[in-house]
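**Q** Here it is: the structure, laid out below.
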Amino acid sequence: MDYISLYNNEKVCRKDIPTLDYLNFLELNTGLLSGQPQRHCVNFFGFEEGEKVILICCIADDLTHKILVSSTVVVKKTEYPSLTAVNHNFENFEREIHESLTIEYSDHPWLKPYRKIEDYPFLKPGSEELHEVGVGPIHAGIIEPGHFRFICNGEQIMHLEISLGYQHRGVEDLMRHKDGILEKATLAEGIAGDTVVGHTSAFSNLWESLCGFERKPYLDFTRTLAMELERVAVHTGDLSALCGDIGYQLGSAVYGRLRTPIVNFMQEWCGNRLSKGLIRPAKVNYPFTDKLAERLREALNAYEADFNEMSSKLASLPSALSRFEKTGVVTLDVMSEIGAVGMAARASGLKRDIRESHPFNLYGKTINHEPLLKRHGDVYSRVQIRREEIRQTLAYIREMLDNIPDFEKPSDIQVCPEADSFVISLTEGWRGEISHCALTDKDGKLVKYKIKDPSLHNWMALAQAVRNNEISDFPVCNKSFNLSYCGHDL
Amino acid sequence: MVSLILILITSLFFMGVVVKTKSLCSGRKGPGLFQPMWDIFRLWKKSSVFSKETSFIFRISPIIYISSVLTAILMIPHGGIPGVISFDGDFVMFAYLLACGRFMAIISALDTGSSFEGMGASREALFSLFAEPAFFVLMGSLALFTGHTSFHDLFSTLHYEDNISYMLGALATFVFVMIAMIENSRMPVDDPKTHLELTMIHEVMILDNSGFNLGTILYTTNLKFAMYGAIISNFFIGALPLSVSIPLFFAVQFCFAVSAGIIESFMARFRMSHNPQFILILTSVSMLIFFGVLMVKGVFI
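Chains as they are written, first to last, in my numbering: chain A, 578 to 1067; chain B, 7 to 307.
Here it is, written out as structure tokens:
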């Protein structure tokens, strides 16, 4: 075998990962993806070990529920053929490897700096009729920094180039250097402020697997419930912002109000509206009591009635539909070529949902998740996906509330990672697939901690979505993806 | 003179009524009626910051903008009482005074050299270009209907005799409401609340303005609203005595502000490419009025 296949959160010994020579590695991984729409690259990264650089590539197979991992050894400052030239799934990953490990690629189509902000030339219009519009990195609203460069023909966008990296904090390195488990968990919470539960769950699941800790049912329950509540809260907030971007005040106000009781419930549960502090490896500091369950049931009942009324109003409002429909279309082919994930991919008909394909926590056990799909890939599809996922999630939450496990008193169990191990942990946050990978050395210390936020793939989907659209529709396209800047920049 | 004073009074609270309506519609209490005006006073007390890229055009344009609108207001009558300036064909001068102010706003936006403001300027120019025929066809029809060509004569001799002329009044009101919304860059053509430069029309043109100049531009918008409201009220006032016409004037202004607030609350902004289509519809409504006048006059049938 040229690769090892693992389940989500399965620990393997590092020496069990086959090491190939670079050309075989290239052939294997591009071969695994060619003509296999159910597979995509979930993580591809490198790290230094002495003079050498080790590259590890993880391909997820949705049908077999496995993750196919292989590795190779390369030398710094040496030129290699790129995987991207064969399959665009690897584009972002190779740009990062090129930037951080100085591996040169002979045939990579676009080696633009991944995070470094330097003078890399933007695509030039090359015509007197076209004009350029630059937006950011400082924006008018409260969003994060990022630079967008449009090439427009009048009101029509011909091309969009996105430059990120302004939010780079070095989270991956900090993860390695901070020794305390609390420090690590707090860092994981800060990867992307809007996906606290998604990232912290990925980290906690990974850490417990790495330490060989047997996960108790109440840990799974807490993470799953919090993840679904986060999905409801963020999706509702997004619907509000989408209504705001088309100038529909009623939708913006009503959805905005509906988000509040959900985040307030999180405050009641764990003392933080964004669920910070709730999820920690091997323990839960805030047990979910029957009283909280009763409060949540009340909150959800009140939520659902208003949500359904507002949603049917929005779905029948001609002026809103005229803005949403056929705006920002990304076809299924484009989505699978760039390896898009999560809700945005599902809106284009690409079935990518870790909850079904690589189950974790309660998924696949208490919750048999069936991903929702839309076909058109326009802004309205992404609105509909959000609306329907909220309804689906409400049903899941009610189901979970009927089976609350017993909580144990939190204790400071000292769990240490095992030596020479590798674990990959995938979770499905509200935005899509989150992947964390960790490798330990012979003393059980972290050699590499690799984080991948779904935004990494989906920024390219946004750049494709706005082509041939009006520039005034860019904000609504952007919001329909709602990608993370800091999740990309780390 | 009466109408000038009434319009100045209305301009103090007009935007407040719009904002209050929007707030109530979205389930909030909303600020007081005079809050938008207090904000403008606050801006007036501040000094302006000018970009190094801009020339004198950018500095003088807010003043020319507000003076063009104020001069245009001088021509508006109140029922039987003529405006400060009144002569045959004054509505043509009225339209082009406003166009002059808009021209200054557009070139001052271009003066900043920002790519956003250029886009906003091009949109503003395009949309007001489309709105112009609607205004002239409408005023022309009214001139034909009454046989006079100044605002004062035209409105003071406007009588509703039969069903068709009532319909003409209703249609003309609709056209003026919509023209006012376009001229003031409100919904459904432009969204004044949006935070993104790429979707704005008027707001993006004034991005570089600050302090006193920004306050002046914002106050001009209030004045323009009140001015259009005054024109609309003239359709209903006719030769009524002042004791009836003044309350009627404020009632019309109030209804106008509330309907602007309601439009902005319950619908989404149009897609930018649908705007010209929508604005041209106003011209066809004006044509309807024109044919209605021909029927009343017996030229048809």
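Every residue gets a Cβ at the ideal spot worked out from N, C-alpha and C, and that includes glycine.
Expressed to the nearest angstrom, what Euclidean distance is found between the alpha-carbon atoms of PHE20 (chain B) and GLU947 (chain A)?
**A** Whole-angstrom Cα-Cα distance: 53 Å.
**Q** Given a threshold of 16 other Cβ atoms within 10 Å of its Cβ, counted over all protein chains shown, does CYS590 (chain A) qualify as buried or as exposed?
**A** Exposed is the call here.
**Q** According to the neighbour-count rule (16 or more other Cβ atoms, all chains shown, within 10 Å of its Cβ), is HIS84 (chain B) buried or exposed?
**A** HIS84 (chain B) comes out buried.
**Q** Would GLU587 (chain A) pass as an interface residue toward chain B - the criterion being a Cβ-Cβ separation below 8 Å?
**A** False, the Cβ-Cβ gap to chain B never drops below 8 Å.
**Q** Would you list, in chain order, the members of the segment 895-926 of chain A that have their beta-carbon closer than 7 Å to a beta-carbon of chain B?
**A** Against chain B - using a Cβ distance shorter than 7 Å - the residues of the segment 895-926 of chain A are SER896, ALA897, SER899, ARG900.
**Q** Give me the Cα-Cα distance between GLU766 (chain A) and SER73 (chain B), rounded to the nearest whole angstrom.
**A** Distance between the alpha carbons of GLU766 (chain A) and SER73 (chain B) is about 56 Å.
**Q** Return the first residue and the last residue of the alpha helix (DSSP H) that THR227 (chain B) is part of.
**A** Unbroken alpha helix (DSSP H) run through THR227 (chain B): 217-243.
**Q** Name the DSSP bridge partner or partners of GLY711 (chain A)?
**A** Looking at the DSSP assignment, GLY711 (chain A) forms a beta bridge with A:ARG726.
**Q** Please name the residues in the segment 878-889 of chain A whose beta-carbon is closer than 9 Å to at least one beta-carbon of chain B, in chain order.
**A** Residues passing the 9 Å Cβ filter: none.
**Q** So which residues on chain A does PHE136 (chain B) lean against when the C-beta distance must stay under 9 Å?
**A** Those within 9 Å of PHE136 (chain B) in chain A number zero; the least Cβ separation is about 15 Å.
**Q** Nearest-angstrom Cα distance between TRP551 (chain A) and VAL840 (chain A)?
**A** Given that chain A is displayed from residue 578 to residue 1067, the structure contains no residue 551 (chain A) and the question cannot be resolved.
**Q** Spell out a yes or no on whether the segment 1002-1017 of chain A and the segment 919-928 of chain A are touching, meaning 3 or more CB-CB pairs, one atom from each, closer than 8 Å.
**A** These segments touch.
**Q** If I'm right that ASP867 (chain A) touches ILE981 (chain A) with Cβ under 8 Å, what's the distance once you round it to whole angstroms?
**A** ASP867 (chain A) to ILE981 (chain A), Cβ: 7 Å. Contact.
**Q** In chain order, what residues of the same chain have a beta carbon less than 8 Å from the beta carbon of ILE268 (chain B), not counting five sequence neighbours either side?
**A** Answer for ILE268 (chain B): THR27, CYS31, listed in chain order.
**Q** For SER781 (chain A), I'd like the list of residues in its chain whose CB is within less than 6 Å of its CB, leaving aside the five on either flank, ordered along the chain.
**A** Answer for SER781 (chain A): ILE856, PRO858, listed in chain order.
**Q** Under 8 Å: do the segment 813-822 of chain A and the segment 957-973 of chain A share three or more Cβ pairs, one atom per stretch?
**A** Touching, per the Cβ criterion.
**Q** Near ARG923 (chain A), which residues of its chain fall below 8 Å by C-beta distance, leaving aside the five closest residues on each side in sequence?
**A** For ARG923 (chain A), where only same-chain residues beyond five positions count, the Cβ hits under 8 Å are ARG929, ASP930, PRO948, LEU949, LEU950, LYS951, ILE962.
**Q** Which residue wins for smallest C-alpha separation from ALA996 (chain A), given the options A:ASP1020, A:LEU978, A:ASP979, A:PRO987?
**A** Answer by Cα proximity: A:ASP1020.
**Q** Three-state secondary structure (DSSP) at THR179 (chain B)?
**A** In this structure, THR179 (chain B) counts as helix in the three-state DSSP scheme.
**Q** Taking a contact to mean a Cβ-Cβ separation below 8 Å, would you say ASP214 (chain B) touches SER147 (chain B) in this structure?
**A** No. Outside cutoff.
**Q** How many Å lie between GLU676 (chain A) and TYR1026 (chain A) at the Cα?
**A** Distance between the alpha carbons of GLU676 (chain A) and TYR1026 (chain A) is about 17 Å.
**Q** Could you name the residues that DSSP lists as bridge partners for TYR682 (chain A)?
**A** Paired residues: A:TYR657.
**Q** Let's test the definition: count the other Cβ atoms within 10 Å of the Cβ of GLU721 (chain A) and tell me whether it reaches 16, buried, or not, exposed.
**A** Buried, by the Cβ-count rule.
**Q** Apart from the five residues just before and just after MET1037 (chain A), which ones in its own chain have a Cβ nearer than 6 Å to its Cβ?
**A** Correct list, in chain order: ILE915.
**Q** Ignoring anything shorter than 4 residues, give me the alpha helix (DSSP H) runs that lie fully in the segment 855-926 of chain A, in order along the chain.
**A** Whole alpha helix (DSSP H) segments, 4+ residues: 867-892, 895-901, 909-915, 919-924.
**Q** Do we get a CB-CB distance below 8 Å when we pair ALA830 (chain A) with the residues of chain B?
**A** Closer than 8 Å to some Cβ of chain B, the Cβ of ALA830 (chain A) qualifies, so yes.
**Q** So that I know if they touch, is there some Cβ in chain A lying closer than 8 Å to that of PHE368 (chain B)?
**A** Examination of residue 368 (chain B) is not possible in this model, given that chain B is present from 7 through 307 alone.
**Q** Of all the options B:SER290, B:GLY33, B:PHE64, B:THR77, which has the alpha carbon lying nearest to the alpha carbon of LEU14 (chain B)?
**A** Comparing Cα positions, the closest option is B:THR77.
**Q** So HIS158 (chain B) is in the alpha helix (DSSP H); what residue range does that whole segment cover?
**A** Element bounds for HIS158 (chain B): 157-162.
**Q** By the criterion of Cβ-Cβ separation under 8 Å, what are the contact partners of CYS31 (chain B) in chain E?
**A** No chain E appears in the structure shown, which is made up of the protein chains A and B.
**Q** Can you round the beta-carbon distance between ASN606 (chain A) and ILE636 (chain A) to whole angstroms, since I take them to be within the 8 Å contact cut?
**A** Right, their Cβ atoms sit about 6 Å apart.
**Q** Report yes or no: do three or more beta-carbon pairs, one from the segment 129-138 of chain B and one from the segment 50-60 of chain B, lie closer than 8 Å?
**A** The answer is no - the segment 50-60 of chain B does not touch the segment 129-138 of chain B, with fewer than three Cβ pairs under 8 Å.
**Q** Tell me where the alpha helix (DSSP H) around ARG616 (chain A) begins and ends.
**A** Looking at the DSSP string, ARG616 (chain A) is not in any alpha helix (DSSP H); the run it does join, the beta strand (DSSP E), is 616-626.
**Q** Kindly indicate if chain B contains any beta-carbon less than 8 Å away from that of VAL652 (chain A).
**A** Cβ-Cβ to chain B under 8 Å: no for VAL652 (chain A).
**Q** When you compare the segment 272-290 of chain B with the segment 109-119 of chain B, are there three or more beta-carbon pairs, one atom per stretch, that lie closer than 8 Å?
**A** With a cut-off of 8 Å, the segment 109-119 of chain B and the segment 272-290 of chain B do not count as touching, because too few Cβ pairs lie within range.
**Q** Can you find a CB in chain B that lies within less than 8 Å of the CB of ILE715 (chain A)?
**A** Chain B contact via Cβ: absent.
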